[in-house]
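Chains as they are written, first to last, in this note's numbering: chain V, 6 to 204; chain H, 6 to 204.
Every residue gets a Cβ at the ideal spot worked out from N, C-alpha and C, and that includes glycine.
Right, one structure below, let's go through it.
There are 2 protein chains.
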Amino acid sequence: MSAVTSPLVWEHVQPAAARRLLTGAIDAFAERGFQATTTRDIASRAGMSPAALYVHYPSKERLLFEISLYGHRAALDVLRAADTGDSPRDRLAGMVSAFTTWHAEHHTIARVVQYELAALTPEHLAEVATIRRAISTQIEQALTDGVSDGSFAVEDLPGTTLAILSLSIDVARWYSPTRRDPAGLGVLYADLALRMVQS
Amino acid sequence: MSAVTSPLVWEHVQPAAARRLLTGAIDAFAERGFQATTTRDIASRAGMSPAALYVHYPSKERLLFEISLYGHRAALDVLRAADTGDSPRDRLAGMVSAFTTWHAEHHTIARVVQYELAALTPEHLAEVATIRRAISTQIEQALTDGVSDGSFAVEDLPGTTLAILSLSIDVARWYSPTRRDPAGLGVLYADLALRMVQS
DNA sequence: CGAATCGCTAAGCGCTTGCTTAGCTTGGCG
DNA sequence: CGCCAAGCTAAGCAAGCGCTTAGCGATTCG
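Rendered as structure tokens:
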């Protein structure tokens with residue numbers, strides 16, 4: 006489906022120079038990490054002088070926050086859009102498949118989203134943590150419903166929720182586009198998740 | 006020594022000042038990341054002046070390499086020591102349980118091991134990559150044996166190997182000692198891994 | 001004893017960092 | 001035309017970086 010496989014769209018970031026800075030920052034943060042990335046590096050990826058960055062963003066951290074916030078929202082949107090099955094089984098399979106595929110397809114931004122949380126200010130981290138809790142709840146609800154109707158057998162509900170999310174999230178750490186295709190990985194992981202919980 | 010790093014034994018690092026620098030570096034790297042950690046921070050955790058670090062280690066990167074190398078070797082040793090069951094089922098359960106427990110118990114060093122690879126020099130990274138391949142092989146062999154004797158049904162062998170390892174490794178990202186105990190987590194994850202592959 | 005060695009500190013070097021300042025160019029509009 | 005705001009650059013500042021140097025006190029040993 007298009008929501009899952011379509012590339013991330015950044016048209017809402019205006020003007021174009023701000024957008025070039027943002028996408029350049031995503032690449033740089035994913036490659037080297039936030040701390041090892043210099044404002045000079047980000048600016049040069051956008052074809053600008055270092056000072057131009059501060060016309061559009063007040064700080065390097067703010068750039069990270071915009072990326073993190075948008076990335077978290079996109080991931081939650083993908084999860085919710087995939088939560089459409091008729092049975093808990095279909096819902097879980099659809100969500101794990103979509104969430105995994107998203108982390109593979111957008112592994113660059115996913116890496117920033119998942120591994121640079123510590124570089125955010127406490128206020129910005131709190132804002133992002135709200136979205137993270139919603140993501141977790143989305144999976145946990147499907148598991149709860151499956152236990153209720155007898156299709157799932159789950160002893161440790163929070164632990165199993167965490168494990169399933171963890172599996173998809175860790176894709177961002179190791180994924181490389183030359184190794185396997187995102188959609189196929191989504192199918193494999195949906196199957197593994199189902200086997201983990203089915204009664 | 007901090008409570009976090011005490012479970013691992015570092016007596017082989019001599020003299021004691023070098024050991025204090027190393028364990029201080031583990032805590033600092035795990036907390037802030039390699040790039041955000043200063044040599045002044047590491048030295049002050051060991052109760053020394055910054056210059057004293059260079060009496061024992063030629064560079065900050067070398068300190069990371071010693072930590073990464075020892076951590077990888079410890080993880081591989083734990084896996085091999087747990088590969089003692091009579092059946093593929095027992096072997097896989099034992100290894101996943103031990104590997105997961107290790108990542109929870111030593112999540113501080115595990116974080117450095119898993120997330121600071123990019124800060125190593127190419128030569129040091131290559132040395133560590135050899136151990137990582139051995140870790141992967143250890144799990145893959147148990148799966149292969151289980152498929153051969155019919156106890157496992159695995160369609161995508163490298164993909165499933167990666168998923169099982171990924172599940173344990175990601176524990177280092179989120180684990181906090183206040184949330185759950187390492188041994189219980191090992192048992193849960195061993196069960197999840199078995200359900201993923203059993204025929 | 002004197003000389004050498006070990007483990008350490010105070011001071012600081014050369015460089016890079018995030019960010020600021022001053023000023024230029026461009027295009028829209030009366 | 002003159003004026004101004006938007007978007008940019010060149011230059012640079014204060015602070016902090018990894019790492020080096022010079023030298024000091026304690027210990028070891030011929």
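Check	Outcome
Length of the line joining the Cα atoms of aspartate 88 (chain V) and threonine 142 (chain V)	12 Å
Nearest-angstrom Cα separation, counted from proline 55 (chain H) out to serine 49 (chain H)	7 Å
Contacting residues, own chain, Cβ-Cβ under 7 Å from isoleucine 31 (chain H) (five flanking each side not counted)	Thr10, Ile72, Thr113, Ile114 and Val117
Test: alanine 41 (chain H) CB closer than 9 Å to a CB of chain V	yes
Beta-carbon contacts of phenylalanine 70 (chain H) that lie in its chain and below 7 Å, excluding the five residues immediately before and after	Leu125 and His129
Proximity test, Cβ basis, 9 Å: arginine 67 (chain H) and chain V	no
Pair within 9 Å by beta-carbon distance, glutamate 145 (chain H) and threonine 166 (chain H)	yes
Whether leucine 193 (chain H) touches alanine 168 (chain V) by CB criterion (9 Å)	yes
Contact check, leucine 26 (chain H) vs tyrosine 75 (chain H), beta carbons under 9 Å	no
Proximity below 9 Å, CB of valine 176 (chain H) to CB of threonine 105 (chain H)	yes
Proximal chain H residues relative to tryptophan 107 (chain V), where beta-carbon distance stays under 7 Å	The premise fails here: tryptophan 107 (chain V) is roughly 16 Å from chain H at the closest Cβ pair, so nothing lies under 7 Å.
Sheet register partners of phenylalanine 157 (chain V) (DSSP bridge)	V:Gln203
Close Cβ partners of glutamate 110 (chain V) (< 6 Å) along its chain, the five nearest in sequence each way excluded	Pro187
Leucine 119 (chain V) - containing alpha helix (DSSP H), residue span	For the sequence presented, residue 119 (chain V) should be read as glutamine rather than leucine. Element bounds for glutamine 119 (chain V): 112-120.
Every unbroken alpha helix (DSSP H) inside the stretch 43-131 of chain H [4 residues or more]	44-50, 58-61, 65-87, 93-110 and 112-120
Whole-Å CB distance - threonine 149 (chain V) paired with leucine 170 (chain V), under 8 Å assumed	That belief does not hold up - the Cβ atoms of threonine 149 (chain V) and leucine 170 (chain V) are roughly 15 Å apart, past 8 Å.
Chain H contact residues for isoleucine 174 (chain V), given Cβ-Cβ distances below 7 Å	Asp175
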